[in-house]
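To convert, note that position 161 of the sequence shown is 250 in the working numbering; the numbers rise steadily by one, no gaps.
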Amino acid sequence: MNPIVSTILISSLGLGTTLTFIGSHWLLVWMGLEINTLAIIPLMMRQHHPRAVEATTKYFITQATASALLLFASITNAWTSGEWSLTEMINPTSATLALTALALKIGLAPLHFWLPEVLQGLDLTTGLILSTWQKLAPFAILLQLHPLLNPNLLLSLGILSTIIGGWGGLNQTQLRKILAYSSIANLGWMITILHYAPNLTLLNLILYIIMTLTTFLLFKTFNSTKINSIASSSTKSPLLSIITLLTLLSLGGLPPLSGFMPKWLILQELTKQSLFIPATIMALMALLSLFFYLRLCYTTTLTMNPNPTNMSSSWRTKSNHPTLILLTSATLSILLLPLTPTIFMLIP
């Protein structure tokens, strides 16, 4: 792709997200989401491959449906209350419609069906943008709307997402689909606690973005899209395979890694709110997610890629990948748990 075109598209992504962050008028927020969607579509299609075109078409139809529903929710609220302000959504029907539209935009269960298929059709770089940056604008709206949303609906969406995210990733062999179901499960944790402690939702979102960034960068460094293709990583780069192991365990929420922090705090808050059954279900579903992360860890570090004598060995050429970004994100993905009190004080 032409560098000028790439710069314009990435700038438009930033502009759309910024408009949604700063906007308090529903039309301005909706416009930011639309700019975001339209900017990523050419990036998704840059491969000129049938799978990429199919994924882009599915993504466009899904996002257009969600945007229409969101616009309808804001117009309905303006019709009944006369207010276009984001935080003045006093009509409960409009608030439920807005939550449904945003759940469809980010891929919450049961509106998640598009996410694994779309992510599977993209390359790792665009998949990284879709899994991280594209979640920011909808969550900015959800964090502002959280007192107005139905807590029972949020809890139901969150628990269903953790269940489907845990079960769905068990039988997958494609890394991008595994990361898609991982995303659904993590979004479930964020949505469950949104009404009771929005600061924990923000903390979980930040850590999820850091850990997903690290995982995508590692898979891009190994040039791997399937489970069996990462088996050779331990022979090519032992250090990176150890970092991959720790990052995947952190995504699974295993102590003493960074990913344990949000799960621990969310379960603690749910028990404070006397929501013992949802907390138990989510803890059990976290074990399911941990199982498919352990499958990846086993393949990455404990298996050897079959290498017959007639196969050409891969050269250890100099890597052109952004090692500084990878090093920083990997450090944050693994070592943040001791700083939990400090981070909790910094999150408003």
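All C-beta atoms, glycine included, are put in the ideal place defined by N, C-alpha and C.
Note that the structure is a prediction, hence the values are computed from the model and not measured.
Leaving out five residues before and five after Ser330 in sequence, what residues of the same chain have Cβ atoms less than 7 Å from its Cβ?
Counting only Cβ-Cβ distances below 7 Å, and skipping sequence neighbours, we find Ser322, Ser323, Thr389 and Thr390.
Excluding five sequence neighbours on each side, which residues of the same chain lie with their C-beta closer than 6 Å to the C-beta of Thr392?
Around Thr392: Ala320.
By alpha-carbon positions, which one of Pro240, Met434 and Ile218 ends up nearest to Leu208?
Closest option to Leu208, Cα to Cα, is Ile218.
Rounded to whole angstroms, what's the CA-CA distance from Lys361 to Ile295? Just pull it up for me.
Their backbone Cα atoms lie some 23 Å apart in a straight line.
In this structure, how does DSSP classify His284 when only helix, strand and coil are distinguished?
In this structure, His284 counts as coil in the three-state DSSP scheme.
Go to Glu177, then tell me how far its alpha helix (DSSP H) extends in each direction, as first and last residue.
Per DSSP, Glu177 belongs to no alpha helix (DSSP H) and is neither H nor E.
Any idea if Thr398 is buried or exposed, counting beta-carbon neighbours within 10 angstroms, 16 or more meaning buried?
Note that Thr398 scores a pLDDT of 45, beneath 50, so its modelled location is shaky and nothing firm can be said.
On a Cα-Cα basis, can you pick out the residue from Gly258, Cys386, Thr304 and Ile230 that is closest to Thr290?
Measuring from the Cα of Thr290, the nearest candidate turns out to be Ile230.
In whole angstroms, what is the alpha-carbon distance linking Ser378 and Trp278?
Using only the alpha carbons, I get a separation of about 12 Å.
Assign Thr398 to one of three DSSP states: helix, strand, or coil.
With a pLDDT of only 45 at Thr398, under 50, the local geometry of the prediction cannot be trusted, and the value read off the model is given with reservation. The answer is coil: DSSP assigns Thr398 none of H, G, I, E or B.
Curious, which full-length alpha helix (DSSP H) runs of at least 4 residues does the segment 114 to 201 contain?
Taking only runs of at least 4 residues, the alpha helix (DSSP H) segments lying wholly in the segment 114 to 201 are 115 to 133, 139 to 170 and 181 to 195.
Taking the beta carbon of Ser272 as the centre, do at least 16 other beta carbons fall within 10 Å, making it buried, or is it exposed?
That one is buried.
Taking the C-alpha atoms as reference points, what is the distance between Met400 and Ser313?
Low local confidence applies: a pLDDT of 47 at Met400 is under 50, so the model's placement there is unreliable, and no value is given.
Candidates Leu413, Ser250, Leu425 and Glu358: which alpha carbon is nearest Ala375's?
Per the Cα distances, Ser250.
With DSSP run on the structure shown, which of helix, strand or coil describes Gln223?
Helix.
Looking at the structure shown, is Leu263 part of a helix, part of a strand, or coil, going by DSSP?
Checking the displayed sequence, the identity of residue 263 turns out to be Gln instead of Leu. Strand, per DSSP.
Work out the CA separation of Phe110 and Ala153 for me, nearest whole Å.
Approximately 20 Å between the Cα atoms of the pair.
If I'm right that Ile267 touches Gly258 with Cβ under 8 Å, what's the distance once you round it to whole angstroms?
So it is a contact: roughly 5 Å between Cβ atoms.
Contact defined as beta carbons within less than 8 Å: I believe Thr336 pairs with Thr303. What is the distance between those atoms, to the nearest angstrom?
Yes, they are in contact, since the Cβ atoms of Thr336 and Thr303 sit about 5 Å apart, within 8 Å.
Around the C-beta of Arg140, are 16 or more other C-beta atoms found within 10 angstroms, so that it is buried, or is it exposed?
Classification for Arg140: exposed.
Quick one: Cα of Glu358 to Cα of His284, how far?
The alpha-carbon atoms of Glu358 and His284 are separated by roughly 11 Å.
Would you be able to state if there are at least three C-beta pairs under 8 Å between the segment 161 to 171 and the segment 179 to 188?
The answer is yes - the segment 161 to 171 touches the segment 179 to 188, with three or more Cβ pairs under 8 Å.
Sort Thr214, Ile366, Ile124 and Ile332 by Cα distance to Phe305 and report the nearest one.
Among Thr214, Ile366, Ile124 and Ile332, the Cα nearest to that of Phe305 is on Thr214.
Taking only the alpha-carbon atoms, compute the straight-line gap between Gly247 and Thr281 and give it to the nearest angstrom.
One C-alpha to the other measures close to 5 Å.
Can you list, in chain order, the residues of its chain with a C-beta nearer than 6 Å to that of Leu421? Leave out the 5 residues immediately preceding and following it.
Within the same chain, Leu421 has close Cβ partners Ile299.
Beta-carbon within less than 7 Å of Met120's beta-carbon, same chain only, minus the 5 sequence neighbours each way: which residues are those?
The residues are Leu108.
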